[in-house]
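Residue numbering for the sequence shown follows our numbering, beginning at 1044 and increasing consecutively.
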Amino acid sequence: MKNILITGGTGLIGMELSKKLKSKGYSVAHLSRRANKQATFPAYKWDINAQTIEEEAVEWADAIIHLAGASLVDKRWSDAYKKVMIDSRTKSLALLHKYIKLRSRPLKTLVSASAIGYYGEGGNQWLDERSPPQPGDFKSDCCVLWEDAAKALKPDVSRLAILRVGIVLSTKGGALEKMALSFKARVGSYFGDGSAYSPWIHIDDMCRMFIHAVEEDHVEGIYNGVAPKPVTNKEFIETIPNALGVKALIVPTPTIAIKLAMGEMSTVVLHSVRVSAQKILDTGFVFEHGELLGALEDIFKNKR
Ligand SMILES: NC(=O)c1ccc[n+]([C@@H]2O[C@H](COP(=O)([O-])OP(=O)(O)OC[C@H]3O[C@@H](n4cnc5c(N)ncnc54)[C@H](OP(=O)(O)O)[C@@H]3O)[C@@H](O)[C@H]2O)c1
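1. Here's a check: name, in chain order, each residue in its chain whose Cβ is nearer than 7 Å to the Cβ of K1065, leaving out the five neighbours to either side.
2. Would you say I1091 touches ligand 1, meaning its beta carbon is less than 8 Å from a heavy atom?
3. Along the chain, which unbroken stretches of the alpha helix (DSSP H) at least 4 residues long are found entirely within the segment 1065-1120?
4. Please confirm whether F1343 and D1248 have their CB atoms less than 9 Å apart.
5. From the DSSP output, in three-state form, read off P1295 for me.
6. Have a look at the DSSP bridge pairing and note the partners of I1265.
7. Where does L1196 fall in DSSP's three states?
8. For S1213 versus E1340, is the C-beta spacing smaller than 9 Å?
9. Under the criterion of a Cβ to heavy atom distance below 8 Å, does I1107 qualify as lining ligand 1?
10. With three or more C-beta pairs closer than 8 Å as the rule, is the segment 1139-1154 touching the segment 1169-1181?
11. When you compare the CB positions of W1189 and A1223, do they come within less than 9 Å of one another, or not?
12. Have a look at T1298 and I1283 and give me their C-alpha separation to the nearest angstrom.
13. Quickly, what does DSSP pair I1047 with across the bridge? List them, please.
14. Flag this pair as touching only if the segment 1312-1329 and the segment 1185-1200 have three or more C-beta atom pairs under 8 Å; answer yes or no.
15. Please classify S1201 as buried or exposed, where buried requires at least 16 neighbouring CB atoms within 10 angstroms.
16. Does the separation of the CB atoms of I1107 and L1048 fall below 9 Å?
17. Would the segment 1090-1105 and the segment 1235-1243 be scored as touching if the rule is three or more Cβ pairs under 8 Å?
18. Please name the residue or residues paired with I1210 in a DSSP beta bridge.
19. Between R1251 and F1328, is the Cβ-Cβ spacing less than 9 Å?
20. Whole-angstrom Cβ separation of Y1087 and H1073, contact assumed at under 8 Å?
21. Does the Cβ-Cβ distance between L995 and V1311 come in under 9 Å?
22. On the CB-based measure, 16 or more other CB atoms within 10 Å of its CB, does S992 come out buried or exposed?
23. Helix, strand or coil: how does DSSP classify S1061 here?
24. If we require 4 or more residues per run, which alpha helix (DSSP H) segments fall completely within the segment 1272-1316?
25. If contacts are defined as beta-carbon pairs under 8 Å, then H1332 and A1286 qualify, I think. What distance do you get, rounded to the angstrom?
26. What I want to know is whether the C-beta of I1056 ends up closer than 8 Å to one or more non-hydrogen atoms of ligand 1.
27. Is the beta carbon of V1127 within less than 8 Å of some heavy atom of ligand 1?
28. Count the other CB atoms, across all protein chains shown, that sit within 10 Å of the CB of N1345; report buried if there are 16 or more and exposed otherwise.
29. Looking at C-alpha atoms only, which residue of W1120, L1336 and A1078 is the closest neighbour of H1245?
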C-alpha cells in the first residue's frame, strides 16, 4: 500500500497526517474543493454538489482517508448550515462511492473520521463504541448519518474503519488554539461548573491512529479517537497555564451565557463525553501522549 488519498486533507488533521505519511514513505494526494496540483500534496478537485471528482485521483489511491466536513463551530447552526455540515460529510462519501465503483481494481481500505459528538450528553458515565447515540442532539444525528454513509461503501471496500475523533490538541487550529488565546492576558475560563468531561487527543497521536488504521488489517469497525484519560473541563482549563508555565486567573463562564452566545452550538462545549480508548488500545495502538499535562507541554513547547 503506497498511495493515500485524503479528503479534507488541507485541514488541521489532514495536513499533519499528510506530513507524517510522507515521512513514512507514502505518496499523498488530497481531494479538495480547489484543485492545486503544484502543492506539496497535490490537490484534486471534487464537487460534492455536482457529484464529480477528477477521476484519476480515486483510481490512483490504495487507501482513502475521509476527513472532509464543514466546521461545526465556525458558524451558527441555521437549518441551511446544518444541511451543509451533514452533506459535506455524507454526500461526499456517496460521491466517493460512485467513483470507487468505477475503479479498475477494488479499494482495499477506507478510514473515515466521525466524532465523539456521536454520544450526545453522557454525564459521568464511561462511554464506549457500543454506547448509543442520542437522537435529537444535532451533532449526534450528524455523526449517525456520517457513519451510516461510510458503512454504505462497505460492499465495495475490503476494509472500513471509522475513528470517532475527540478534541484534537494543536496550536494551529481547533478548540485549544481558541482556549489558549485568553491565557495571553493571563485569564482562562471553564464552562458552567466545569464538571463536563472533555475527551482530548494530541494531534500527533490522532494522526498516528489514522496511520495505524490504514496499516493494520485487523483494525476494522468503529474506534474512539481519544486519549485514555479524559478530564473535566475545569481540569482541562486549569492545566493550560501549568503547561505554559504561567499563572492565570481562572473563572467560570455561566452556562446561560454560553447558551445565549452560541445557541444550539453550545452543546459542543457543554456536553460531557467521558470516552474510553480501550478498544483502540486493544488493537496494539500505543499513545505517545497519554497524560494531559505532558501533551499540552509538548504542544506549546514544540508549536505542534
Ligand atoms: N479537530 C478536531 O478537534 C475534531 C474533533 C472532532 C471531529 N473532527 C472531524 O475530523 C475531520 C477533520 O478535522 P479537522 O480539524 O482537520 O477539520 P478542518 O481543519 O476544518 O478541515 C476539514 C476540511 O474539510 C474540507 N471542507 C470544509 N468545508 C467543506 C464543505 N462544505 N464541503 C466539503 N469539504 C469541506 C476542507 O478542505 P478543502 O477546503 O480542501 O475542500 C477542510 O480543510 C472533520 O470532519 C471534523 O469534523 C475534528
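Cβ atoms here follow ideal geometry from the backbone N, Cα and C, with glycine treated the same way. All of these numbers come straight from a predicted model, not from anything done at the bench.
On the basis of the coordinates in this document:
1. For the purposes of this step, residue 1065 is identified with residue 22 of the sequence shown, where counting begins at 1. Excluding positions up to five away in sequence, the list reads V1071.
2. What you label residue 1091 is simply residue 48 of the sequence shown in a count that begins at 1. Yes.
3. 1098-1103
4. Translated into the one-based positions of the sequence shown, residue 1343 becomes position 300. Translated into the one-based positions of the sequence shown, residue 1248 becomes position 205. No. Outside cutoff.
5. What you label residue 1295 is simply residue 252 of the sequence shown in a count that begins at 1. Looking at P1295 - three-state DSSP - the assignment turns out to be strand.
6. As a working mapping, residue 1265 is identified with position 222 in the sequence shown. I1205, per the DSSP bridge assignment.
7. Sequence index remark: in the sequence shown, residue 1196 carries index 153 (1-based). Three-state DSSP puts L1196 in coil, outside helix and strand.
8. Here residue 1213 corresponds to residue number 170 of the sequence shown, with the count starting at 1. Here residue 1340 corresponds to residue number 297 of the sequence shown, with the count starting at 1. No, these two residues do not count as a Cβ contact at 9 Å.
9. The residue given as residue 1107 occupies position 64 in the sequence shown. No, Cβ of I1107 sits at least 8 Å from all heavy atoms of ligand 1.
10. no
11. Taking the first residue of the sequence shown as position 1, residue 1189 is located at position 146. Taking the first residue of the sequence shown as position 1, residue 1223 is located at position 180. Not a contact, by the Cβ cut-off of 9 Å.
12. Locating residue 1298 in the sequence shown gives position 255, where the first residue counts as 1. Locating residue 1283 in the sequence shown gives position 240, where the first residue counts as 1. Looking at the two C-alpha atoms, the distance is approximately 21 Å.
13. Indexing the sequence shown from 1 puts residue 1047 at position 4. For I1047, which the question treats as bridged, DSSP gives the partners V1071 and A1106.
14. no
15. For this step, residue 1201 is matched to residue 158 along the sequence shown. Exposed.
16. The residue you call residue 1107 lines up with position 64 of the sequence shown. The residue you call residue 1048 lines up with position 5 of the sequence shown. For I1107 and L1048, yes; Cβs fall inside 9 Å.
17. no
18. As a first step, residue 1210 must be located in the sequence shown, where it is residue number 167. W1243, per the DSSP bridge assignment.
19. Your numbering for residue 1251 matches position 208 in the sequence shown. Your numbering for residue 1328 matches position 285 in the sequence shown. Their beta carbons are under 9 Å apart, which means R1251 touches F1328 by this criterion.
20. The residue given as residue 1087 occupies position 44 in the sequence shown. The residue given as residue 1073 occupies position 30 in the sequence shown. Right, their Cβ atoms sit about 7 Å apart.
21. The structure shown does not extend to residue 995, since the chain spans only 1044 to 1347, so no value can be given for it.
22. The structure shown does not extend to residue 992, since the chain spans only 1044 to 1347, so no value can be given for it.
23. Taking the sequence shown and counting its residues from 1, the one referred to as residue 1061 is at position 18. Three-state DSSP puts S1061 in a helix.
24. 1276-1287, 1298-1305 and 1310-1313
25. The count along the sequence shown starts at 1 and reaches residue 1332 at position 289. The count along the sequence shown starts at 1 and reaches residue 1286 at position 243. So it is not a contact: roughly 12 Å between Cβ atoms.
26. Within the sequence shown, the letter at position 13 stands for residue 1056. Yes, since a heavy atom of ligand 1 falls inside the 8 Å radius drawn around the Cβ of I1056.
27. In the sequence shown, residue 1127 corresponds to position 84, counting from 1. Yes, Cβ of V1127 sits closer than 8 Å to a heavy atom of ligand 1.
28. Residue mapping note: residue 1345 aligns to position 302 of the sequence shown, counting from 1. Exposed is the call here.
29. Translated into positions along the sequence shown, residue 1245 becomes position 202. Nearest C-alpha to H1245: L1336.
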